[in-house]
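Asker: One structure, as structure tokens, below. Some questions next.
Take a look at the structure:
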């Protein structure tokens, strides 16, 4: 079995996609993260789901979540407004790494080794021009290996 | 909106659950991780999905995934046998942290702050005895906040 047998189309966003649109994709498809592509369709980064929250939640609350309790419930429900008007590029960690990639010919062991090494539950599959073909998720990999 | 409005039953495993059973749960339900409970039903750890792979993939392949290419395809398909007979306890990182927890009364901002701080897409909801009531996932949180 090769990466190409496990790869599926995977929702991508670009650096200019609104952060709220990325959050909707993450939520509706229960994705562990999104692949961010550059203008030429090459994977540029992975946006982890929790990173969108890091943009939306005031930093004093992240430093000490108990401080969130001073914000009343009605106001607390609205904190996602903090990402309105922001782009995916603004949500990425300041020193983001390129996403883990494999070739379509990679064996499942190589895909698993890349996931284990990078602790990423998504690996991008790219052709010889580094253009995105699809992605292998941890769930897809385990499903095929365990025949669930 | 409070954590109790967002919490859902969440599959748990114990420290003694076979690692392969945990892998099947992760795969079939597309979970970002599993909550590991101790004998008294209190959350003891979170098992990230990729951690099961770290147990199964030979360490020389994790150090350099290109070395996985020397293993032929048929043998590569069988690497998950490396966790046969192992327990969840053996899959946990050697210095694992207790999982992020909130009370049922936590606001969505507090839940989001805990997720943002710990970068965990799952937060356990516990009662005053620290017993597990349910969990809030990133997808559930975003879905409710964005009304998707």
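Chains as they are written, first to last, in my numbering: chain A, 48 to 195; chain B, 48 to 195.
A virtual CB, placed ideally from N, CA and C, is assigned to each residue, including glycine.
Remember, predicted model here, so these are calculated numbers, not experimental data.
1) Taking the alpha helix (DSSP H) that residue 97 of chain B falls in, what are its first and last residues?
2) Do residue 147 of chain B and residue 178 of chain B have their C-beta atoms within less than 8 Å of each other?
3) Would you kindly check if the distance between the Cβ of residue 169 of chain A and the Cβ of residue 182 of chain A is under 8 Å?
4) For residue 96 of chain A, return the contacting residues in chain B, with the cut-off set at a CB-CB distance below 7 Å.
5) Exposed or buried, which one is residue 79 of chain A when buried takes at least 16 other CB atoms within 10 Å?
6) Considering only residues of the region 57-95 of chain A, which uninterrupted alpha helix (DSSP H) runs meet the minimum length of 4 residues and lie entirely inside it, listed in chain order?
7) Here's the rule I'm using: 16 or more other beta-carbon atoms within 10 Å means buried, otherwise exposed. How should residue 144 of chain B be labelled?
8) Locate the beta strand (DSSP E) running through residue 184 of chain A, then write down its first and last residues.
9) Got a sec: is the Cβ-Cβ distance from residue 120 of chain B to anything in chain A below 8 Å?
10) DSSP on residue 164 of chain B, reduced to helix/strand/coil?
11) To test your reading of the DSSP string, which unbroken beta strand (DSSP E) runs of 3 or more residues are found completely within the region 106-159 of chain B?
12) In chain A, which residues lie less than 7 Å from residue 160 of chain B when you measure between Cβ atoms?
13) Quick test of your reading: residue 123 of chain B and residue 155 of chain A, contact by CB under 8 Å. State the CB separation rounded to the nearest angstrom.
14) Can you tell me whether DSSP reads residue 171 of chain B as helix, strand or coil?
15) Who does residue 55 of chain B pair with in a DSSP beta bridge?
16) Grab me the residues of residue 103 of chain A's own chain with a C-beta within less than 6 Å of its C-beta, minus the 5 sequence neighbours each way, in chain order.
17) Might you give, ordered along the chain, the residues of its own chain that have their beta carbon closer than 6 Å to the beta carbon of residue 98 of chain A, omitting 5 neighbours on each side?
Answerer: Let me spell this out:
1) The residue labelled residue 97 of chain B in the question sits at position 50 within the second chain. 96-103 is the extent of the alpha helix (DSSP H) around residue 97 of chain B.
2) If you number the second chain from 1, residue 147 of chain B lands on position 100. If you number the second chain from 1, residue 178 of chain B lands on position 131. No, these two residues do not count as a Cβ contact at 8 Å.
3) Here residue 182 of chain A refers to the residue found at position 135 when the first chain is read from its first residue. Here residue 169 of chain A refers to the residue found at position 122 when the first chain is read from its first residue. Yes, the pair counts as a contact, with Cβ atoms nearer than the cut-off.
4) Locating residue 96 of chain A in the first chain gives position 49, where the first residue counts as 1. In chain order: 168 and 185.
5) Walking along the first chain from the start, residue 79 of chain A turns up at place 32. When all chains shown are included, residue 79 of chain A counts as buried.
6) 66-76
7) Residue mapping note: residue 144 of chain B aligns to position 97 of the second chain, counting from 1. Result: exposed.
8) In the first chain, the residue the question calls residue 184 of chain A occupies position 137. Residue 184 of chain A -> beta strand (DSSP E) spans 179-184.
9) Taking the first residue of the second chain as 1, we reach residue 120 of chain B at position 73. Interface residue, yes.
10) Counted from its first residue, the second chain places residue 164 of chain B at position 117. Residue 164 of chain B: helix per DSSP, three-state reduction.
11) Listed in chain order, nothing qualifies, since the region 106-159 of chain B has no complete beta strand (DSSP E) run of 3 or more residues.
12) Counting from 1 along the second chain, the entry for residue 160 of chain B is found at position 113. Those are 104, 108, 109, 112 and 115, listed as they occur along chain A.
13) Within the second chain, residue 123 of chain B is the residue found at index 76, counting from 1. Within the first chain, residue 155 of chain A is the residue found at index 108, counting from 1. That pair is a contact at about 6 Å.
14) Here residue 171 of chain B is taken as the residue at index 124 of the second chain, counted from 1. Residue 171 of chain B falls in the strand class under three-state DSSP.
15) Position 8 of the second chain, counting from 1, holds the residue named residue 55 of chain B. BP columns for residue 55 of chain B point to B/182.
16) Within the first chain, residue 103 of chain A is the residue found at index 56, counting from 1. Excluding sequence neighbours, residue 103 of chain A sits near 126, 127, 129 and 130.
17) In the first chain, counting from the first residue as 1, residue 98 of chain A sits at position 51. Taken in chain order, the residues that qualify are 138.
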